[in-house]
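Heads up, the sequence shown is in this note's numbering, so the first residue is 6 and it goes up one at a time.
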Amino acid sequence: MPVILALVGALMSGLFMWFVWGNGMEVVNHWLDSRAAKAKAEKDAKAIAEARERATRAPLRALEDPREAVMVLLSKLAMLRGEITAEQNLALSKIAMDRLGLGGKPEHHTALAAFAAKAVKDADSLVADVTPLLHTRLSAEERDDLFAMLGEIAGLHGGATEAQEQMIARLARRMSYSLPTKE
Numbered sequence: 006m007p008v009i010l011a012l013v014g015a016l017m018s019g020l021f022m023w024f025v026w027g028n029g030m031e032v033v034n035h036w037l038d039s040r041a042a043k044a045k046a047e048k049d050a051k052a053i054a055e056a057r058e059r060a061t062r063a064p065l066r067a068l069e070d071p072r073e074a075v076m077v078l079l080s081k082l083a084m085l086r087g088e089i090t091a092e093q094n095l096a097l098s099k100i101a102m103d104r105l106g107l108g109g110k111p112e113h114h115t116a117l118a119a120f121a122a123k124a125v126k127d128a129d130s131l132v133a134d135v136t137p138l139l140h141t142r143l144s145a146e147e148r149d150d151l152f153a154m155l156g157e158i159a160g161l162h163g164g165a166t167e168a169q170e171q172m173i174a175r176l177a178r179r180m181s182y183s184l185p186t187k188e
C-alpha cells in the first residue's frame, strides 16, 4: 500500500511540476481554445444555415396577394415535370391575365412566380408556406377554381406526373378540400 501511495504521490508531483514549470498550462489553454473554437464554428454554421433558410423563403413571405401565391403554386407544379415549357408558360400567362385578373404584362407575373418557386427547396415547403394565405383568403368557388387551374397545368404534356398529383393532394389535404375521385 505505501508503494502505491508513493507512486500516486510521484505522479501527482510530476503532473504539478509539468503544469507549473513545463508546458502544461500551454497544453491546457490550447485544449480549451480548440473546444471554444469548435463550439463557435458549430454555432456559426447553424446561424449560416438558418440565414440561408430565411433567404430562400423571403419571396414567399413577401406574398400578400393570394393571386400571386396561386401563380407560384402553378409555377412550382409545372417545374415538377422539369423546366417550364413554352406551352406551360403560355398557359400560366393566360391564367394570370384571364382567370386571376393580374394587371400588367403576363411575362412579368410568370417570371416572378418562377423566381419564387425556384427559391423553394421542394413542393412540400411551398404548400406549407402558402396554404395559410390561401385558406384564409379564398372562398369555396375560388378554391374550386384553384384546383381546376392546378389540374390544367398538371394535365399539360400527357397528364399529371406522380409528383404533381402528390403536390395537388397535399394542398387539398392542407386546405381541407375534397378532390373529385378518379373513375
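For glycine and all other residues, C-beta sits at the position ideal for the given N, C-alpha and C. For clarity, every value in this text was computed on a predicted model and none was experimentally measured.
| field | Touch test, the stretch 67-85 against the stretch 114-122, Cβ-Cβ under 8 Å, three pairs minimum | value | In the pairwise beta carbon analysis, the stretch 67-85 is classified as touching the stretch 114-122: at least three pairs are separated by under 8 Å.
| request: Please go through the stretch 49-117 and give each complete alpha helix (DSSP H) segment of 4 or more residues, from N-terminal end onward. | output: Every unbroken stretch of the alpha helix (DSSP H) spanning 4 or more residues and falling wholly within the stretch 49-117 is given here in chain order: 71-84 and 91-99.
| message | For residue 189, report the span of its alpha helix (DSSP H) as first-last. | response | Outside the modelled stretch of the chain, which goes from 6 to 188, sits residue 189, for which no answer is possible.
| Extent of the continuous alpha helix (DSSP H) run through residue 136 | Along the sequence shown, read from residue 1 onward, the residue named residue 136 stands at position 131. Under the DSSP assignment, residue 136 falls in the alpha helix (DSSP H) whose first and last residues are 128-142.
| request: Since I believe residue 85 is in contact with residue 168 (beta carbons under 8 Å), could you give me their beta-carbon distance rounded to a whole number of angstroms? | output: Here residue 168 is taken as the residue at index 163 of the sequence shown, counted from 1. Here residue 85 is taken as the residue at index 80 of the sequence shown, counted from 1. That pair is a contact at about 4 Å.
| message | Can you tell me whether residue 34 is helix, strand or coil according to DSSP? | response | Working through the sequence shown from its first residue, we reach residue 34 at position 29. In the displayed model, residue 34 falls within a helix according to three-state DSSP.
| said: Closer than 8 Å is the cut-off here; do at least three beta carbon pairs connect the stretch 169-184 with the stretch 136-150? | reply: Flag = yes, the stretch 169-184 and the stretch 136-150 touch.
| Leaving out five residues before and five after residue 101 in sequence, what residues of the same chain have Cβ atoms less than 7 Å from its Cβ? | The residue you call residue 101 lines up with position 96 of the sequence shown. Annotation for residue 101: 76, 107, 111, 114 and 115 place their beta carbon closer than 7 Å to its own, counting only its chain and skipping 5 residues before and after.
| message | For residue 159, count the other beta carbons within 10 Å of its own beta carbon; 16 or more makes it buried, fewer makes it exposed. Which is it? | response | Looking up residue 159 in the sequence shown gives position 154. Only buried fits residue 159, as 16 or more other CB atoms lie within 10 angstroms of its CB.
| So the alpha helix (DSSP H) residue 7 belongs to, where does it begin and stop? | One-based indexing of the sequence shown puts residue 7 at position 2. Where residue 7 is concerned, the enclosing alpha helix (DSSP H) starts and stops at 7-26.
| query | So, are the CB atoms of residue 105 and residue 72 less than 8 Å apart? | reply | The sequence position of residue 105 within the sequence shown is 100, counting from 1. The sequence position of residue 72 within the sequence shown is 67, counting from 1. Yes, the pair counts as a contact, with Cβ atoms nearer than the cut-off.
| request: Quick one: using the 10 Å Cβ neighbour count with 16 as the cut-off for buried, is residue 99 buried or exposed? | output: Along the sequence shown, one-based indexing puts residue 99 at 94. Burial is judged here by how many other beta carbons sit within 10 angstroms of a residue's own beta carbon; residue 99 has fewer than 16 and is exposed.
| said: For residue 81, count the other beta carbons within 10 Å of its own beta carbon; 16 or more makes it buried, fewer makes it exposed. Which is it? | reply: By one-based count along the sequence shown, residue 81 stands at place 76. Buried, since its Cβ has 16 or more Cβ neighbours within 10 Å.
| message | Counting beta carbon pairs with one atom in the stretch 123-130 and one in the stretch 51-62, are three or more of them shorter than 8 Å? | response | Because the criterion of three Cβ pairs below 8 Å is met, the stretch 51-62 and the stretch 123-130 touch.
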